[in-house]
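Chains as they are written, first to last, in our numbering: chain A, 1 to 109; chain B, 1001 to 1109; chain C, 2001 to 2109; chain D, 3001 to 3109. Yeah, the Cβ is synthetic: ideal placement off N, Cα and C, and Gly gets one too.
Protein chains: 4
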Amino acid sequence: MDDKNMNCGELSCSACKRHKKAPRSEEQIRQLKNRLARMVGQLNGISRMLDENRYCGDILMQIAAVESALQNFGYIVLQDHLESCVTEEIRGGNQEIMAETIELIKRLK
Amino acid sequence: MDDKNMNCGELSCSACKRHKKAPRSEEQIRQLKNRLARMVGQLNGISRMLDENRYCGDILMQIAAVESALQNFGYIVLQDHLESCVTEEIRGGNQEIMAETIELIKRLK
Amino acid sequence: MDDKNMNCGELSCSACKRHKKAPRSEEQIRQLKNRLARMVGQLNGISRMLDENRYCGDILMQIAAVESALQNFGYIVLQDHLESCVTEEIRGGNQEIMAETIELIKRLK
Amino acid sequence: MDDKNMNCGELSCSACKRHKKAPRSEEQIRQLKNRLARMVGQLNGISRMLDENRYCGDILMQIAAVESALQNFGYIVLQDHLESCVTEEIRGGNQEIMAETIELIKRLK
Chain A
1 MDDKNMNCGE LSCSACKRHK KAPRSEEQIR QLKNRLARMV GQLNGISRML DENRYCGDIL
61 MQIAAVESAL QNFGYIVLQD HLESCVTEEI RGGNQEIMAE TIELIKRLK
Chain B
1001 MDDKNMNCGE LSCSACKRHK KAPRSEEQIR QLKNRLARMV GQLNGISRML DENRYCGDIL
1061 MQIAAVESAL QNFGYIVLQD HLESCVTEEI RGGNQEIMAE TIELIKRLK
Chain C
2001 MDDKNMNCGE LSCSACKRHK KAPRSEEQIR QLKNRLARMV GQLNGISRML DENRYCGDIL
2061 MQIAAVESAL QNFGYIVLQD HLESCVTEEI RGGNQEIMAE TIELIKRLK
Chain D
3001 MDDKNMNCGE LSCSACKRHK KAPRSEEQIR QLKNRLARMV GQLNGISRML DENRYCGDIL
3061 MQIAAVESAL QNFGYIVLQD HLESCVTEEI RGGNQEIMAE TIELIKRLK
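1) What do you reckon, are the CB atoms on N3044/D and K2020/C nearer than 8 Å?
2) Given that a residue counts as buried once 16 or more other Cβ atoms are within 10 Å of its Cβ, and exposed if not, what is R2018/C?
3) Tell me, please, whether the CB atom of R2107/C is closer than 8 Å to any CB atom in chain B?
4) Quick one: Cα of K33/A to Cα of E26/A, how far?
5) Is there a Cβ of chain D sitting closer than 8 Å to that of M2039/C, yes or no?
6) Note down, in chain order, every chain C residue with its Cβ under 7 Å from the Cβ of S3047/D.
7) For M1061/B, go through chain A and note every residue whose CB falls closer than 8 Å to its CB, in chain order.
8) Between the segment 68–95 of chain A and chain D, which residues of the former have a C-beta closer than 7 Å to a C-beta of the latter?
9) Spatial neighbours of M3039/D within its chain, please: CB distance less than 8 Å, with the 5 preceding and 5 following residues excluded, ordered by chain position.
10) Would the segment 92–101 of chain A count as touching the segment 3079–3087 of chain D if we require 3 or more Cβ pairs under 8 Å?
11) Assuming the contact rule is C-beta atoms closer than 8 Å, L2060/C and S3047/D should be a hit. Round their C-beta distance to whole Å, please.
12) Report the option in P2023/C, A2022/C, D2051/C whose CA atom is closest to the CA atom of I3029/D.
13) Would you mind telling me which residues of chain B sit closer than 8 Å to A99/A, beta carbon to beta carbon, in chain order?
14) So, using beta-carbon positions, are L104/A and G1057/B closer together than 8 Å?
15) For R1018/B, which three-state DSSP category applies?
16) Quick check on the DSSP output: the alpha helix (DSSP H) that includes N3034/D runs from which residue to which?
17) By the DSSP assignment, the alpha helix (DSSP H) with Q2071/C in it spans what residues?
18) Short of 7 Å in beta carbon distance, which residues of its chain neighbour I90/A, apart from the five on each side in sequence? Order them along the chain.
19) In the structure shown, what three-state DSSP assignment does L1104/B receive?
20) How far does the alpha helix (DSSP H) with E3088/D in it extend, from its first residue to its last?
21) Leaving out the 5 sequence neighbours to the left and right, which residues in its chain are closer than 8 Å to A3022/D when beta-carbon positions are compared?
22) How many whole angstroms separate the CB atoms of P2062/C and M2049/C, which I take to be in contact at a CB cut-off of 8 Å?
23) So R3024/D packs on A2064/C, CB below 8 Å; how close in whole Å?
24) Between N2094/C and Y3055/D, what straight-line distance do the alpha-carbon atoms span, to the nearest angstrom?
25) Within its chain, find whatever has a CB closer than 6 Å to the CB of K2109/C; leave out the 5 residues flanking it on each side and keep chain order.
26) Would you tell me roughly how many angstroms separate the C-alpha atoms of Y75/A and Y2075/C, rounded to the nearest one?
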């Protein structure tokens, strides 16, 4: 796809895919994907709890655990975003990146 | 396992599995499992976005979407818990169920 | 005002004031008002920090402290609500109180 | 106080008061203090509701309203922080400001 050339900071439309200028390291991608895989495992565990007619309170505890894992995952991606994309954009003179950043923060739990 | 006979309201230990006295309907289980399956799909989508070196801001938007879906899922299970288990326990004279309930609410986002 | 006779569980309109059937104890009211007074003190402290041109990061730490205090305050009122009004309503056969309760929980942080 | 000379970005200790390099405008301070005053008014309103033995559900709605007002207030201060202090620090070559920023974000609701 030729939209591969579109990087953070360039004009974008909702239909096209934006990319990260400074790619994540393989190690970083591996760790993030491990976290996602663990959360998928937790959600599948909740699915089995429903099949086993498990107590709501125990299911709610598992939901709370996935919520925490997901929030931490979000913080890791946000910190990387602040330290790479946002830092670059500010150095490059892009003033609007902070308004975009605050909107992202508002959407996260 | 013989702990299958242990229901909400009975004494429990962390090692054994508690069950829901009034089982969820098949339709209810189907809908809850559909929601879980959609969230698994969203997490797998985020995994692919990492492989494709997608922009952090777009990944953060997806994380926020799963957080909302997970929070709504938690509210549905909590409402069911309040309307079934908690209501039964109170009618049965169990006073402690509300302290347990507030602890669950504090853990949820 | 004659709406003083309207208690939790009775039909209400947005214009009238509903009251708590089982009044809070004087000690409970005193403790809750102390918490409110401390939060007012913290907000006034933030106001002074603005006058003194204090660093945003330090102001944000104070905001986070008030948010935690307010959330804890909400949990205390919610627990009291669950253990008094909600418990009474359920014992009295009011089924709808749980739907109202979940709406309140959704609004709280 | 001679700590008046300590600005954001300089080494600081918990005992001393840090200040904002680029001071907030008078208009900005006025608007922020108005928001704080409104929240103080709301907390005092909750205090009166306790005196009037008001229904927990109505008090919880007011708590939720202050929580939202406080969260919005936090976002305004955070956005100002990102657009002034954080932007300046990054332009000045301070790499650690983003780690501090993520810690602040984690503490806010």
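On the basis of the data shown:
1) It is not a contact, given that the beta carbons lie outside the stated cut-off.
2) buried
3) no
4) Cα to Cα, the separation comes out at about 10 Å.
5) yes
6) K2033, L2036
7) Those within 8 Å of M1061/B in chain A are L104, R107.
8) Per Cβ criterion, the list reads Y75, L78, Q79, L82, E83, T87, I90, R91.
9) V3066, A3069, L3070, F3073
10) yes
11) Actually they are not in contact, since the Cβ atoms of L2060/C and S3047/D sit about 26 Å apart, beyond 8 Å.
12) D2051/C
13) Under the 8 Å cutoff, chain B gives no residues; its nearest Cβ is about 12 Å from A99/A.
14) yes
15) coil
16) 3026–3051
17) 2056–2081
18) I97
19) helix
20) 3087–3091
21) Excluding positions up to five away in sequence, the list reads S3084, C3085, E3088.
22) For the record, residue 2062/C in the displayed sequence is Gln; it is not Pro. So it is a contact: roughly 7 Å between Cβ atoms.
23) Not confirmed; about 19 Å, so no contact.
24) 16 Å
25) Closer than 6 Å at Cβ, skipping near neighbours: Q2071.
26) 26 Å
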